[in-house]
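There are 4 protein chains.
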Amino acid sequence: MASADSAEQLVCSTDPEHPANLIPSLCAKFWTLGWVTGTGGGCSIKDDDLVYIAPSGVQKELIKNTDIYVLSLAAQEPPYKHRTYLRSPPRHKPSQCTPLFLAAFTRRRAGCCIHTHSQWAVLVTLLLEQDRRGAGSNVFEINNMEQIKGFGRGLGRQGNLGYHDTLRIPVIENTPHEEDLTEFLEAAMDEYPDTYAVLVRRHGVYVWGDDVHKAKTQCESLDYLFQLAVEMKKLGIPWISNVPRVAPERP
Amino acid sequence: MASADSAEQLVCSTDPEHPANLIPSLCAKFWTLGWVTGTGGGCSIKDDDLVYIAPSGVQKELIKNTDIYVLSLAAQEPPYKHRTYLRSPPRHKPSQCTPLFLAAFTRRRAGCCIHTHSQWAVLVTLLLEQDRRGAGSNVFEINNMEQIKGFGRGLGRQGNLGYHDTLRIPVIENTPHEEDLTEFLEAAMDEYPDTYAVLVRRHGVYVWGDDVHKAKTQCESLDYLFQLAVEMKKLGIPWISNVPRVAPERP
Amino acid sequence: MASADSAEQLVCSTDPEHPANLIPSLCAKFWTLGWVTGTGGGCSIKDDDLVYIAPSGVQKELIKNTDIYVLSLAAQEPPYKHRTYLRSPPRHKPSQCTPLFLAAFTRRRAGCCIHTHSQWAVLVTLLLEQDRRGAGSNVFEINNMEQIKGFGRGLGRQGNLGYHDTLRIPVIENTPHEEDLTEFLEAAMDEYPDTYAVLVRRHGVYVWGDDVHKAKTQCESLDYLFQLAVEMKKLGIPWISNVPRVAPERP
Amino acid sequence: MASADSAEQLVCSTDPEHPANLIPSLCAKFWTLGWVTGTGGGCSIKDDDLVYIAPSGVQKELIKNTDIYVLSLAAQEPPYKHRTYLRSPPRHKPSQCTPLFLAAFTRRRAGCCIHTHSQWAVLVTLLLEQDRRGAGSNVFEINNMEQIKGFGRGLGRQGNLGYHDTLRIPVIENTPHEEDLTEFLEAAMDEYPDTYAVLVRRHGVYVWGDDVHKAKTQCESLDYLFQLAVEMKKLGIPWISNVPRVAPERP
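Protein chains in written order, with full-length UniProt numbering: chain E, 1 to 251; chain F, 1 to 251; chain G, 1 to 251; chain U, 1 to 251.
See the structure below:
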């Protein structure tokens with residue numbers, strides 16, 4: 001760990017865009033959205049080699065900059081079960097989400113990763129579980145929705161998804177210990193190389209992006225689609241539609 | 001484009017009612033209503049010849065006056081695909097909604113136009129899509145609702161709709177590129193000369209009004225009716241009722 | 001009308017509990033609850049002989065003390081179609097709810113009356129409308145709910161309703177002009193002498209109380225019960241249950 | 001009662017973590033969550049021998065430190081029907097929840113107890129009531145949900161529940177007088193020695209924890225699970241699932 005003084009400086013800044021200030025303001029916003037109820041969920045930001053992480057077991061709407069963990073990404077070794085911190089607030093426990101956040105940073109070059117317990121995400125995984133007799137139930141699929149444009153095409157690909165594209169979010173099974181999700185998350189990343197999110201059955205979702213802006217807006221768009229999907233199911237409307245790809249005739 | 005100095009002055013005012021200050025405060029409010037999730041949706045205000053527009057791809061609850069685009073309406077030519085701006089923030093992209101906003105300003109003499117991705121609007125278009133085998137499914141219709149009184153009778157007509165009137169909002173099909181919606185929006189305006197709103201299938205809604213107050217309150221009333229309509233569908237209650245037009249007998 | 005100066009003094013006070021300050025803060029709160037969407041709904045407070053009323057057609061979350069109408073109750077004559085105001089903001093229109101508020105003040109000695117367009121209230125009236133083939137559909141009834149204790153037993157009666165009591169809220173039919181509701185509201189008051197609220201079909205609800213506190217908390221409790229009732233209907237749970245009135249056996 | 005001066009000092013502190021300051025800020029937050037609508041619900045904190053309690057019949061989002069009741073726990077005698085207060089605001093009535101809060105403090109050594117009227121809690125008790133023909137309907141049970149980890153294993157037991165554990169919350173029948181719930185609450189505590197919460201049919205829920213943090217986050221997690229359970233019922237998804245306890249195969 002860094003010296004006490006330098007460790008404190010890692011999280012002290014008057015810039016509201018500093019990761020140690022952004023994580024608290026983002027988490028407070030996420031709490032109002034129902035994403036981090038009861039200390040659930042979390043958020044991590046990567047700034048060059050430094051990774052800032054919200055602590056475990058803390059009321060997320062009350063986090064302060066001094067609650068933030070910091071580590072050097074280069075100093076960690078997969079599978080990240082044993083981690084060294086530059087700053088580790090003694091009154092807290094490090095987040096069990098940490099190796100999953102690190103997977104997004106290393107395998108996807110993400111700049112930010114958000115984990116929510118959104119009820120809409122959980123309900124989507126439950127609805128897919130019910131359909132499990134058929135094939136393809138370990139992936140959420142929706143198409144012909146404007147909000148799909150809120151997602152990038154994938155790491156290293158230009159631009160965003162289009163209206164007619166099918167958004168696919170893989171679902172992995174939950175494990176008793178959150179850290180044990182890491183290898184399954186990584187396998188889902190390998191199987192779906194373009195995805196920016198992975199659902200966890202009966203648990204929630206991990207969403208990342210190239211930077212804080214993209215992670216946050218992709219997470220919002222996804223939660224919007226999950227809520228819409230649940231309402232569509234209640235109303236008997238399928239998630240995949242066969243709208244023809246030709247434009248409507250001009251008037 | 002105007003000189004850098006005069007361009008800045010276009011959006012700098014201490015008056016909270018100045019369009020460059022109103023758009024940020026409106027968008028922040030819209031975000032809490034779920035209308036502009038994940039950078040979706042937008043808002044534009046016309047003040048004489050000047051049109052102020054929220055940028056594309058920005059977190060709508062965080063917009064600042066310096067993020068606003070400004071153009072001269074008189075300097076634009078239909079179909080508005082090529083536009084010149086008096087002020088164009090270099091770090092942003094202009095909104096693809098711009099030609100649709102301009103259509104409301106030129107064809108309907110609107111003073112403000114709001115575009116939302118409200119889930120209630122999207123669900124209403126999905127419910128109408130399911131009914132498409134029958135006639136009349138490209139228009140949302142509801143009557144005998146007090147909130148209908150929140151809408152004007154139409155451009156150039158005095159007063160507002162009455163309780164027994166039927167509110168009709170046309171639905172156009174979505175297109176892969178938002179700008180391509182313009183001609184369909186204009187056709188719907190022609191077909192429904194009294195409407196102050198057009199739904200876009202699987203996308204959202206455009207709502208306008210003579211001024212900011214009317215656009216905002218009409219948009220709120222419409223979203224209220226969309227949400228009510230979805231709940232009515234869940235409960236098996238039809239949107240159109242045949243309540244007799246005579247008043248109830250006096251007690 | 002009073003002189004310009006004295007009219008201004010009617011609404012100028014540094015006391016946050018002054019009616020001209022309370023109405024704006026209450027209306028802002030009601031807006032976040034979805035009770036006064038799109039300028040719908042309203043609120044009035046009686047202080048001795050003075051009646052303070054929110055204006056018509058104004059965004060309710062933005063009302064200021066200077067937007068408030070004031071009249072002398074003693075100076076008005078039933079049926080209150082022609083009213084004289086001590087203070088009448090020239091840029092606004094007086095609320096069409098005014099005669100209904102006055103009915104609550106004169107017939108029920110209320111100190112405050114709230115009118116909401118809550119969707120839960122509207123949905124309850126729609127569900128009752130569907131049941132109209134049977135008897136008793138012009139009254140909302142629910143029992144064996146703790147929240148029922150939030151209502152007084154009725155004007156001049158001691159204490160509040162009990163858990164096993166049945167709360168009854170009459171429903172009147174909507175009329176094209178809100179002022180025309182007055183006589184039906186009064187008739188419902190006569191028929192249900194203990195009620196503190198009247199539902200208006202496809203419109204909303206009027207709720208009053210002896211003072212601001214009671215009107216506001218009764219309105220909240222009622223909205224809670226309306227929302228619960230709609231959810232119960234979705235889940236197939238009846239509003240009236242026959243739980244035995246004897247206490248459960250002691251353990 | 002203590003002298004007027006010393007009674008005031010019991011609730012006057014500049015420390016936001018002082019119970020007399022925490023209760024108002026918690027209650028304001030609970031109001032936005034719909035837990036304490038219309039003066040319903042309440043909250044109490046124990047600090048050593050001192051017990052701080054929100055008053056009855058007060059708008060919970062408006063409580064001030066000077067509204068708080070204080071009593072000495074050691075000075076009270078079961079069944080707590082006759083209580084003496086160190087501080088008793090003359091304009092309020094003490095909360096009928098008091099003996100139930102005291103039961104949590106004495107029988108479970110809780111540091112904080114929260115009582116909500118959450119609609120999700122009420123709906124869960126209604127759904128269980130409908131199932132009453134079968135066995136086990138007086139307990140809410142859910143398993144294989146990540147949010148279950150938000151609960152401790154029980155008083156004197158180390159750690160929290162695991163993902164595969166079944167969370168069980170007993171349901172007691174409501175009584176006309178809230179104080180009469182006490183003995184049934186205590187009996188449920190005896191029958192479910194590990195529970196941190198008791199549901200009250202058609203009324204709400206009592207949730208406690210070792211300290212304010214744990215009571216609040218357990219209450220949030222439970223409300224999350226109640227809401228999820230209601231949505232699952234609408235979608236035909238059972239609350240108890242038989243997911244195998246073995247981890248998924250490694251990829």
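We put the CB at the ideal spot given by N, CA and C, even for glycine.
Spell out whether any CB of chain F is found under 8 angstroms from the CB atom of Tyr224/E.
-> For Tyr224/E, the answer is yes, since a Cβ of chain F falls inside 8 angstroms of its Cβ.
Report yes if the C-beta distance between Val36/G and Lys60/G is below 8 angstroms; otherwise report no.
-> Closer than 8 angstroms, so yes.
With 16 as the cutoff for other CB atoms within 10 Å, does Gln9/G come out buried or exposed?
-> Exposed.
Touch check for the stretch 66-82 of chain G and the stretch 100-111 of chain G: three-plus C-beta pairs under 8 angstroms?
-> Contact holds: three or more Cβ-Cβ distances are below 8 angstroms.
Report yes or no: do three or more beta-carbon pairs, one from the stretch 158-173 of chain U and one from the stretch 85-92 of chain U, lie closer than 8 angstroms?
-> Too few Cβ pairs lie closer than 8 angstroms, so no.
Nearest to Cys27/E (by Cα), restricted to the options Val51/E, Ile68/E, Val11/E | Answer by Cα proximity: Ile68/E.
Exposed unless 16 or more other CB atoms sit within 10 angstroms - verdict on Ala4/E | Exposed, by the Cβ-count rule.
Rounded C-alpha distance that separates Thr195/U from Trp120/U | Going by the C-alpha atoms only, they are around 19 angstroms apart.
Can you have a look at Thr14/F and say buried or exposed, based on whether 16 or more other CB atoms are within 10 angstroms of its CB?
-> Sixteen is the threshold: since fewer than 16 other Cβ atoms of the shown chains lie within 10 Å of the Cβ of Thr14/F, the residue is exposed.
Shorter than 8 angstroms from the beta carbon of Lys64/G to some beta carbon of chain F?
-> Judged by the 8 angstroms Cβ criterion, Lys64/G is not in contact with chain F.
Between Val51/F, Pro176/F, Tyr80/F, which lies nearest to Gln147/E when the distance is taken from Cα to Cα?
-> Of the candidates Val51/F, Pro176/F, Tyr80/F, the one whose C-alpha sits nearest the C-alpha of Gln147/E is Pro176/F.
How many angstroms separate the CA atom of Gly209/E from the CA atom of Ser6/F?
-> If I take the Cα positions, the gap works out to 37 angstroms.
Can you give me the Cβ contacts of Gly111/G inside the same chain, cut-off strictly under 6 angstroms, excluding the 5 residues immediately before and after it?
-> By the criterion of a C-beta distance shorter than 6 angstroms, Gly111/G is surrounded in its chain by Lys46, Asp210, Asp211, once the five residues flanking it on both sides are discounted.
When you compare each of Thr32/F, Val200/F, Ile237/F, Thr39/F to Pro94/F by their alpha carbons, which one comes out closest?
-> Pro94/F has its Cα closest to that of Thr39/F, out of Thr32/F, Val200/F, Ile237/F, Thr39/F.
Relative to the alpha-carbon of Glu129/E, which residue among Thr217/E, Asn160/E, Arg202/E, Gly162/E has its alpha-carbon at the smallest distance?
-> Among Thr217/E, Asn160/E, Arg202/E, Gly162/E, the Cα nearest to that of Glu129/E is on Arg202/E.
Note down the Cα distance separating Arg157/F from Ala187/G, rounded to an integer number of angstroms.
-> The straight-line gap from Cα to Cα measures roughly 36 angstroms.
Using a beta-carbon distance cut-off of less than 7 angstroms, what residues from the stretch 120-134 of chain F approach chain E?
-> Residues passing the 7 angstroms Cβ filter: Val122, Leu123, Leu126, Leu127, Gln130.
Which of helix, strand or coil does DSSP assign to Ser13/E?
-> Under the three-state reduction of DSSP output, Ser13/E falls in the coil class, being neither helix nor strand.
Considering only residues of the stretch 110-177 of chain U, which uninterrupted beta strand (DSSP E) runs meet the minimum length of 3 residues and lie entirely inside it, listed in chain order?
-> Qualifying beta strand (DSSP E) stretches, in chain order: 112-116, 139-143, 166-172.
Three-state class that DSSP yields for Trp208/F in the structure shown | If DSSP states are grouped into helix, strand and coil, Trp208/F belongs with the strands.
Contact set between the stretch 87-109 of chain U and chain G, restricted to residues whose Cβ is under 9 angstroms from the partner = Along the stretch 87-109 of chain U, none of the residues has a CB nearer than 9 angstroms to a CB of chain G.
Note down the Cα distance separating Leu185/G from Phe226/G, rounded to an integer number of angstroms.
-> Cα to Cα, Leu185/G sits roughly 19 angstroms from Phe226/G.
Cβ neighbours of Asn144/E in the same chain (closer than 7 angstroms, five flanking residues each side left out) | Around Asn144/E: Tyr163, His164, Ser241, Val243.
Is the shortest distance between the beta-carbon of Lys234/U and the beta-carbons of chain G less than 8 angstroms?
-> Yes - at least one Cβ of chain G is within 8 angstroms of the one on Lys234/U.
If contact means a Cβ-Cβ distance below 9 angstroms, which residues of the stretch 205-225 of chain G contact chain U?
-> For the stretch 205-225 of chain G, residues whose beta-carbon sits nearer than 9 angstroms to a beta-carbon of chain U comprise His213, Lys216, Thr217, Gln218, Cys219, Glu220, Ser221, Leu222, Asp223, Tyr224.
Note down, in chain order, all residues in the stretch 17-29 of chain F with a beta-carbon under 7 angstroms from any beta-carbon belonging to chain G.
-> Answer set for the stretch 17-29 of chain F: empty.
Neighbouring residues, chain E, relative to Glu231/U (Cβ below 8 angstroms) | Within 8 angstroms Cβ-Cβ: Gln119, Leu123, Val230.
Per DSSP, cross-strand counterpart(s) of Ile23/E = None, per the DSSP bridge assignment.
With hydrogens ignored, establish whether the beta-carbon of Cys219/G is closer than 7 angstroms to any heavy atom of the ligand PLP.
-> With respect to small molecules bound, the structure shown includes none, and the ligand PLP cannot be examined in it.
Which chain G residues are close to Gln59/U, counting only those with a beta carbon under 9 angstroms from its beta carbon?
-> Identification of chain G residues near Gln59/U by a Cβ-Cβ cut-off of 9 angstroms yields His213, Lys216, Thr217, Glu220, ordered along the chain.
Evaluate Pro193/F with the Cβ neighbour count: other Cβ atoms within 10 Å of its Cβ, from every protein chain shown; 16 or more gives buried, anything less gives exposed.
-> So Pro193/F ends up on the exposed side.
Looking at chain G, which residues of the stretch 151-176 of chain U have a Cβ within less than 9 angstroms of any of its Cβ atoms?
-> Within the stretch 151-176 of chain U, the residues whose Cβ lies closer than 9 angstroms to some Cβ of chain G are Ile172, Glu173, Asn174, Thr175, Pro176, listed in chain order.
Evaluate Arg91/U with the Cβ neighbour count: other Cβ atoms within 10 Å of its Cβ, from every protein chain shown; 16 or more gives buried, anything less gives exposed.
-> It is exposed - the Cβ of Arg91/U has fewer than 16 other Cβ atoms within 10 Å.
What three-state label does DSSP hand residue 252/G in the structure shown?
-> Outside the displayed span of chain G (1 to 251) sits residue 252/G, for which this structure offers no information.
Alpha carbon of Glu183/G to alpha carbon of Val200/G, nearest angstrom | C-alpha separation (whole angstroms): 13 angstroms.
If I'm right that Glu178/U touches Gln96/U with Cβ under 8 angstroms, what's the distance once you round it to whole angstroms?
-> With a Cβ gap of about 4 angstroms, Glu178/U and Gln96/U count as contacting.
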